[in-house]
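Asks: One structure follows; several queries about it will come next.
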Amino acid sequence: MARIFAYIVHKAGVADDSAAQLAAAAKKIDPAASPIALLTGFGADLAAACSAVRASYAEIWTISNEALAYPNAELIRKSLVKVVPPGSIVLVAHEHFGIDLAPGLSIKLNSTFVSDVLDIAGIEGSDLKVVRQEFGGQVSAHVRCNISSGAVVTVRPGAFKPLESAPVAATVVDKSTEVGALTAGRRYLETIVAEAGDVDITKQNVLVSIGRGIQKQENVAIAQELAEALGAAVSCSRPVVDAKWLGKSRQVGSSGKTVKPKVYLACGISGSFQHLAGLKGSPFLIAINKNPKAPIFQVADVGIVDDILEFLPELTNKVREMRSIAAK
Amino acid sequence: MEILVCARRVPDTSENEIELNSAGNDIERDELVYSINEPDNYAVEEALQIAARIGGNVTVVTVGSEDDEEILRREMAMGANQGVLITDEAFNGSDARGIATILQGFVRKGNYDLILTGVQAEDGGAQVGGMLAAMLDYPFASLVNSIEVLEGRKLKVSREIEGGNKEMSEIDLPCVLSIQTGINEPRYVGMRGIRAVASVPIPTFGASDLGVDPGAVGEAAAKVKRVDYFILEFGKGAEMLKGSREENVDKVLELVAAKGGLK
Numbered sequence: 078m079a080r081i082f083a084y085i086v087h088k089a090g091v092a093d094d095s096a097a098q099l100a101a102a103a104k105k106i107d108p109a110a111s112p113i114a115l116l117t118g119f120g121a122d123l124a125a126a127c128s129a130v131r132a133s134y135a136e137i138w139t140i141s142n143e144a145l146a147y148p149n150a151e152l153i154r155k156s157l158v159k160v161v162p163p164g165s166i167v168l169v170a171h172e173h174f175g176i177d178l179a180p181g182l183s184i185k186l187n188s189t190f191v192s193d194v195l196d197i198a199g200i201e202g203s204d205l206k207v208v209r210q211e212f213g214g215q216v217s218a219h220v221r222c223n224i225s226s227g228a229v230v231t232v233r234p235g236a237f238k239p240l241e242s243a244p245v246a247a248t249v250v251d252k253s254t255e256v257g258a259l260t261a262g263r264r265y266l267e268t269i270v271a272e273a274g275d276v277d278i279t280k281q282n283v284l285v286s287i288g289r290g291i292q293k294q295e296n297v298a299i300a301q302e303l304a305e306a307l308g309a310a311v312s313c314s315r316p317v318v319d320a321k322w323l324g325k326s327r328q329v330g331s332s333g334k335t336v337k338p339k340v341y342l343a344c345g346i347s348g349s350f351q352h353l354a355g356l357k358g359s360p361f362l363i364a365i366n367k368n369p370k371a372p373i374f375q376v377a378d379v380g381i382v383d384d385i386l387e388f389l390p391e392l393t394n395k396v397r398e399m400r401s402i403a404a405k
Numbered sequence: 078m079e080i081l082v083c084a085r086r087v088p089d090t091s092e093n094e095i096e097l098n099s100a101g102n103d104i105e106r107d108e109l110v111y112s113i114n115e116p117d118n119y120a121v122e123e124a125l126q127i128a129a130r131i132g133g134n135v136t137v138v139t140v141g142s143e144d145d146e147e148i149l150r151r152e153m154a155m156g157a158n159q160g161v162l163i164t165d166e167a168f169n170g171s172d173a174r175g176i177a178t179i180l181q182g183f184v185r186k187g188n189y190d191l192i193l194t195g196v197q198a199e200d201g202g203a204q205v206g207g208m209l210a211a212m213l214d215y216p217f218a219s220l221v222n223s224i225e226v227l228e229g230r231k232l233k234v235s236r237e238i239e240g241g242n243k244e245m246s247e248i249d250l251p252c253v254l255s256i257q258t259g260i261n262e263p264r265y266v267g268m269r270g271i272r273a274v275a276s277v278p279i280p281t282f283g284a285s286d287l288g289v290d291p292g293a294v295g296e297a298a299a300k301v302k303r304v305d306y307f308i309l310e311f312g313k314g315a316e317m318l319k320g321s322r323e324e325n326v327d328k329v330l331e332l333v334a335a336k337g338g339l340k
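Chains as they are written, first to last, in our numbering: chain C, 78 to 405; chain W, 78 to 340.
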């Protein structure tokens, strides 16, 4: 069985949550595996991140280089290619960094690439059988990947539950000298932090969240009226921001805001994992969608198959009616 | 600037409910509405805007069959100078690496400064752009949501990272960028525009034209193969409210008040 590596994303000395998840994914590929954590970086941050993954990995390989202080995917790819043995399986979290690194890494390692894996179905001969999703999560697929010359596998964040593990006396192997000088055709300049919006959707008890089902810019008012009546705020999924109907500060998801309301009304939102990744603290999730097969119904607490353009105005009227009775 | 956009025709998820077929081994493909992969359309719009700012030529290429010509014409109606269809029986069943290999053959025949792809297609893989860049030894950036052309054959690009933050980088040309949706507002294409390009010839290229080894692409060379489709039950499943609309409205209001409170 090929050796399994897990590339660990870390920031300011803190290992990403995916570190322990990748260890769990490695064990699902091969229960006998002793996966090796791969960390690149520089200085105290690298040392701190290295200590942080000791609970999940018995062996850790590090590449320390000043050029790797900021995670530039091209430089990291060039350094990994020098140290990862041919035929290995390399696991990487499927987020913005992994999307940048993994496809090119597979080419340079001459290994098979399979992306955004959410489960491992097992090994059959020289094939690794995995589960992934297509069409925004509307359907899943079993996929067979020939791993006879190794593989680069990106793993969906949150899909694998970390294993219970006690800290071990991890062996740390410094691979820095195998790498040499590094240059890239892409150079990091700065990070621009998202502007705060007019409404802070991260601090709301109730969110009326709209997706593609709102259909037109004019219809956004339907959600705004409901939110106003409820004393809630309007948030949204990616297509609404892409269409410029609401600002980026209203977007819930891995590339938007992480919210933790008590109630989340998902209106015309299909429920892609990137969107659901922005929901924390287990809100009470009420989903309204025309499509009875929308993935959102699998994770919602309560679901209603209906047209939001008709349902939401009736809900708004009901709230107003109730309030006017209460005021009397 | 010579700009190449790699595009693909896919079932349109905003027009279709994707369902399993009766045998349960594939999606129901009858009567699917196809359109250009949405991120690819943003990539074409971005290419057109760059060409309008600094001058240039925009070519849209797809690997597929005659059916895929419709998206090339659509993008030509948007303003792309040229559409190219890459088609060959030997390409059928290619995995993402096969598609990247075919595109690499095409890129090497031209003289492109900038190659754009959409961030991902219907399979959600985000694979081809990064593979193509590595095959060409070009720099690559994924999830790009702004592009500024700098002096000295360089671009300043931003990538969409967590929390709506932007990672700014400088990248040398030639390079490959995968374009995120929302980077611009793709222009509307009317029927009249599509009719105007209906008879423009679309050049086609096959394996031998591109110097692509048929043994390195297609189904036989594919190391990644989909076995089947199925519906994954990943949550506990919602309690579905089956009442009348009025009853459902009452229930939702009751739940919102109880679980979240009304302000």
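A virtual CB, placed ideally from N, CA and C, is assigned to each residue, including glycine. Bear in mind the structure is a predicted one, so any value in this text is a computation, not a measurement.
Across the segment 345-358 of chain C and the segment 323-336 of chain C, are there enough close Cβ pairs to call them in contact, namely three or more that are closer than 8 angstroms?
Replies: With a cut-off of 8 angstroms, the segment 323-336 of chain C and the segment 345-358 of chain C count as touching, because enough Cβ pairs lie within range.
Asks: Would you say W/Y306 lies against chain C (beta-carbon separation less than 8 angstroms)?
Replies: Position 229 of the second sequence holds residue 306 of chain W. With 8 angstroms as the cut-off, W/Y306 counts as an interface residue toward chain C.
Asks: Quick check: the Cα distance between W/N158 and C/S128, rounded to an integer number of angstroms?
Replies: To locate residue 158 of chain W, count along the second sequence from 1; it is residue 81. To locate residue 128 of chain C, count along the first sequence from 1; it is residue 51. One C-alpha to the other measures close to 55 angstroms.
Asks: Rounded to a whole number of angstroms, what is the C-alpha to C-alpha distance between W/R269 and W/R151?
Replies: The residue labelled residue 269 of chain W in the question sits at position 192 within the second sequence. The residue labelled residue 151 of chain W in the question sits at position 74 within the second sequence. Each residue's alpha carbon lies about 11 angstroms from the other.
Asks: Would you call the segment 87-102 of chain W in contact with the segment 171-182 of chain W, where contact means no fewer than 3 C-beta pairs closer than 8 angstroms?
Replies: Segments in contact, no.
Asks: In chain order, what residues of the segment 211-238 of chain C put their CB closer than 7 angstroms to some CB of chain W?
Replies: Answer set for the segment 211-238 of chain C: E211, F212, G213, Q215, V216, S217, A218, H219, V220, R221, C222, N223.
Asks: Output needed in chain order: residues of the segment 266-295 of chain C with a Cβ under 8 angstroms from some Cβ in chain D.
Replies: Of the protein chains in this structure, namely C and W, none is chain D.
Asks: Starting from W/N242, find everything on chain C with Cβ-Cβ shorter than 8 angstroms and list it in chain order.
Replies: Along the second sequence, read from residue 1 onward, the residue named residue 242 of chain W stands at position 165. Going along chain C in sequence order, the residues near W/N242 (Cβ under 8 angstroms) are T268, I269, V270, A271.
Asks: Since C/A228 contacts C/S188 with CB under 8 angstroms, what's their CB separation in whole angstroms?
Replies: Here the question's residue 228 of chain C lines up with position 151 in the first sequence. Here the question's residue 188 of chain C lines up with position 111 in the first sequence. About 5 angstroms; that satisfies the 8 angstroms criterion.
Asks: Within a Cβ cutoff of 6 angstroms, which residues of the same chain sit near W/E237, ignoring the five residues on either side of it in sequence?
Replies: Working through the second sequence from its first residue, we reach residue 237 of chain W at position 160. These residues qualify, in order along the chain: L220, N222, Q257.
Asks: Can you pull the chain W neighbours of C/I106, defined as C-beta to C-beta under 7 angstroms?
Replies: Stepping through the first sequence from its first residue, residue 106 of chain C is reached at position 29. Ordered by position in chain W, no residue passes the 7 angstroms Cβ test against C/I106, which lies about 16 angstroms from the chain.
Asks: If you count every other CB in all the chains shown that lies within 10 Å of the CB of W/P280, and 16 or more means buried, which is it?
Replies: Along the second sequence, one-based indexing puts residue 280 of chain W at 203. W/P280 should be labelled exposed.
Asks: Kindly list, in the order they appear in chain W, the residues whose Cβ is closer than 7 angstroms to that of C/E391.
Replies: As a first step, residue 391 of chain C is located in the first sequence; it is residue number 314 there, counting from the start. Within 7 angstroms Cβ-Cβ: R322, V326.
Asks: Assign C/N366 to buried or exposed, taking buried as 16 or more other Cβ atoms, counted over all protein chains shown, within 10 Å of its Cβ.
Replies: The residue given as residue 366 of chain C occupies position 289 in the first sequence. Flag for C/N366 reads buried.
Asks: For C/T260, report the span of its alpha helix (DSSP H) as first-last.
Replies: Within the first sequence, the letter at position 183 stands for residue 260 of chain C. Premise fails: C/T260 is in no alpha helix (DSSP H) and is neither H nor E.
Asks: Is it buried or exposed, W/L193, if we count other Cβ atoms within 10 angstroms and call 16 or more buried?
Replies: Along the second sequence, read from residue 1 onward, the residue named residue 193 of chain W stands at position 116. That one is buried.
Asks: Give the residues of chain W in contact with C/P338, contact being defined as C-beta atoms less than 8 angstroms apart.
Replies: Walking along the first sequence from the start, residue 338 of chain C turns up at place 261. The contacting residues are G337.
Asks: Between W/E296, W/N261, W/L330, which has its C-alpha nearest C/L307's C-alpha?
Replies: In the first sequence, counting from the first residue as 1, residue 307 of chain C sits at position 230. For the residues W/E296, W/N261, W/L330, the minimum Cα distance to C/L307 belongs to W/L330.
Asks: Once the 5 residues before and after W/A335 are set aside, which same chain residues still bring their CB inside 6 angstroms of it?
Replies: In the second sequence, residue 335 of chain W corresponds to position 258, counting from 1. Hits under 6 angstroms: none found.
Asks: How about C/V283 and C/K334: are their beta carbons less than 8 angstroms apart?
Replies: Walking along the first sequence from the start, residue 283 of chain C turns up at place 206. Walking along the first sequence from the start, residue 334 of chain C turns up at place 257. It is not a contact, given that the beta carbons lie outside the stated cut-off.
Asks: Give, in chain order, every unbroken run of the beta strand (DSSP E) that is at least 3 residues long and sits entirely within the segment 118-156 of chain W.
Replies: Those beta strand (DSSP E) runs which fall completely within the segment 118-156 of chain W and span 3+ residues are 134-140.
Asks: Measuring only between beta-carbons, confirm whether W/C252 sits less than 8 angstroms from chain C.
Replies: Within the second sequence, residue 252 of chain W is the residue found at index 175, counting from 1. So yes, W/C252 belongs to the interface.
Asks: Taking Cβ-Cβ distances shorter than 7 angstroms, what residues in chain W pair up with C/Q375?
Replies: Here the question's residue 375 of chain C lines up with position 298 in the first sequence. The contacting residues are E310, F311, G312, G314.
Asks: Which partner residues of W/G201 appear in the DSSP bridge assignment?
Replies: The residue labelled residue 201 of chain W in the question sits at position 124 within the second sequence. Paired residue(s): none; W/G201 is not in a bridge.
Asks: List, in order along the chain, the chain C residues whose C-beta lies closer than 7 angstroms to that of W/I95?
Replies: Position 18 of the second sequence holds residue 95 of chain W. Per Cβ cutoff of 7 angstroms: F212, Q215, V216.
Asks: Listing by chain order, which chain C residues have their CB less than 7 angstroms from the CB of W/G259?
Replies: Against the second sequence, residue 259 of chain W aligns to sequence position 182. Neighbours of W/G259 on chain C, chain order: V318, D319.
Asks: Return the chain-ordered list of same chain residues with a C-beta closer than 6 angstroms to the C-beta of W/V87, the five sequence neighbours on each side being excluded.
Replies: For the purposes of this step, residue 87 of chain W is taken as residue 10 along the second sequence, with counting starting at 1. The answer, listed in chain order, is N114, A198, E199.
Asks: What's the gap between the Cα of W/G337 and the Cα of C/A364?
Replies: Along the second sequence, read from residue 1 onward, the residue named residue 337 of chain W stands at position 260. Along the first sequence, read from residue 1 onward, the residue named residue 364 of chain C stands at position 287. Taking the straight line from one Cα to the other gives about 15 angstroms.
Asks: For C/F237, which of helix, strand or coil comes out of DSSP?
Replies: In the first sequence, residue 237 of chain C corresponds to position 160, counting from 1. If DSSP states are grouped into helix, strand and coil, C/F237 belongs with coil.
Asks: Which partner residues does C/Y341 have in the DSSP bridge list?
Replies: Counting from 1 along the first sequence, the entry for residue 341 of chain C is found at position 264. According to DSSP, which records beta bridges pairwise, C/Y341 is partnered with C/L284, C/L362.
Asks: Would DSSP call C/S326 helix, strand or coil?
Replies: Within the first sequence, residue 326 of chain C is the residue found at index 249, counting from 1. Reduced to three states, the DSSP call for C/S326 is helix.
Asks: For W/P88, name the three-state secondary structure that DSSP assigns.
Replies: Reading the second sequence from its first residue, position 11 is the one you call residue 88 of chain W. Of the three classes helix, strand and coil, the one that applies to W/P88 here is strand, per DSSP.
Asks: With a threshold of 8 angstroms, are at least 3 pairs of Cβ atoms found where one atom belongs to the segment 195-204 of chain C and the other to the segment 213-224 of chain C?
Replies: A contact exists between the segment 195-204 of chain C and the segment 213-224 of chain C.
Asks: Once DSSP output is grouped into helix, strand and coil, what is the label at W/S112?
Replies: Here residue 112 of chain W is taken as the residue at index 35 of the second sequence, counted from 1. Strand at W/S112.
Asks: Counting only Cβ pairs nearer than 7 angstroms, list the residues of chain C close to W/Q204.
Replies: The residue you call residue 204 of chain W lines up with position 127 of the second sequence. Residues of chain C passing the Cβ test: P180, F190, S192.
Asks: For a minimum of 4 consecutive residues, which ranges assigned as the alpha helix (DSSP H) are wholly contained in the segment 247-295 of chain W?
Replies: Whole alpha helix (DSSP H) segments, 4+ residues: 268-273, 284-287.
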